[in-house]
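Line by line, the protein sequences give chains A and B.
Quick note, the first sequence lines up with residues 336 to 449 if you use our numbering.
Quick note, the second sequence lines up with residues 69 to 176 if you use our numbering.
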Amino acid sequence: NAGVTQTPKFQVLKTGQSMTLQCAQDMNHEYMSWYRQDPGMGLRLIHYSVGAGITDQGEVPNGYNVSRSTTEDFPLRLLSAAPSQTSVYFCASSGGLAGGGIQYFGAGTRLSVL
Amino acid sequence: KNEVEQSPQNLTAQEGEFITINCSYSVGISALHWLQQHPGGGIVSLFMLSSGKKKHGRLIATINIQEKHSSLHITASHPRDSAVYICAEGGSQGNLIFGKGTKLSVKP
């Protein structure tokens, strides 16, 4: 099992460019989330999904878009990148209470917006 | 919005010491998570608990719902325990609110 796979690992964008961060899990988990991690701020929830076709906003959703067309994939779209979106992004999945509530994290994507 | 506070921010210990990291939150929660972030950046889930105590190897997590407080203990600490330990409140669905983390360094 690969677990949670994030691509790319590193990305540099220019202000105004758009891109999609990919996240895929092979554990048949219902729940998936996107977080960003900034120095001194800790991890913050961007968007999350409780199943295919269902998404909701987290703490810092502005500038990001998500969709969940399949159980496996939960891509995060940056619509028009800004320097404030320079961060490390983590995707996570969970099988819920049936899986003991354990969260599985991807390895992260380090994004720089110039 | 729940506030999750951790203490201390930084902790240095000698190998073999008993370590305690504290986490408090401001409103009632469904569950509390403890996670470990390795120096390379990877994040691993250690515990999810909603009451009482859980143990895994040298790690013990406790929660006091009435006092809105949780602790993570490490017995017989080792340099390989050096990492950032993060608590987060939220259920099993993954919409978590995180503390800022405690950076632990264990010296040989």
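Note that beta-carbon positions come from the ideal geometry of N, C-alpha and C, so glycine has one too.
Here the structure is a predicted model, which is why all the values come from computation and not from measurement.
When rounded, the separation of the alpha-carbon atoms in A/Gln392 and A/Ala427 is 15 Å. At a cut-off of 8 Å between beta carbons, A/Tyr399 makes no contact with chain B. In this structure, the CA atom of B/Ser75 is about 33 Å from the CA atom of A/Glu365.
Residue B/Lys175 holds the alpha-carbon nearest to the alpha-carbon of B/Arg148 among B/Gln134, B/Gly125 and B/Lys175.
When only Cα atoms are considered, A/Met376 and B/Ile165 end up about 11 Å apart. Taking every protein chain shown into account, the CB of B/Val112 has fewer than 16 other CB atoms within 10 angstroms, so this residue is exposed.
Three or more beta-carbon pairs separated by less than 8 Å are not found between the segment 433-440 of chain A and the segment 383-390 of chain A, which leaves the two stretches without contact. Against chain A, the beta carbon of B/Gly96 has no neighbour under 8 Å; the closest one sits roughly 17 Å away.
With a beta-carbon spacing of about 6 Å, A/Glu407 and A/Gln360 fall inside the 8 Å limit used to define contacts.
Using beta-carbon distances, B/Phe166 counts as an interface residue toward chain A, with a partner under 8 Å.
B/Gly162 has a beta carbon lying within less than 8 Å of a beta carbon in chain A. Burial state of B/Ala144 is exposed, judged by a 10 Å Cβ sphere holding fewer than 16 other Cβ atoms. Per DSSP, B/Asn163 lies in no beta strand (DSSP E) and is assigned neither H nor E.
Among the residues of the segment 429-440 of chain A, those with a Cβ less than 9 Å away from any Cβ of chain B are Ser429, Gly430, Gly431, Leu432, Ala433, Gly434, Gly435, Gly436, Ile437, Gln438, Tyr439 and Phe440, in the order of the chain.
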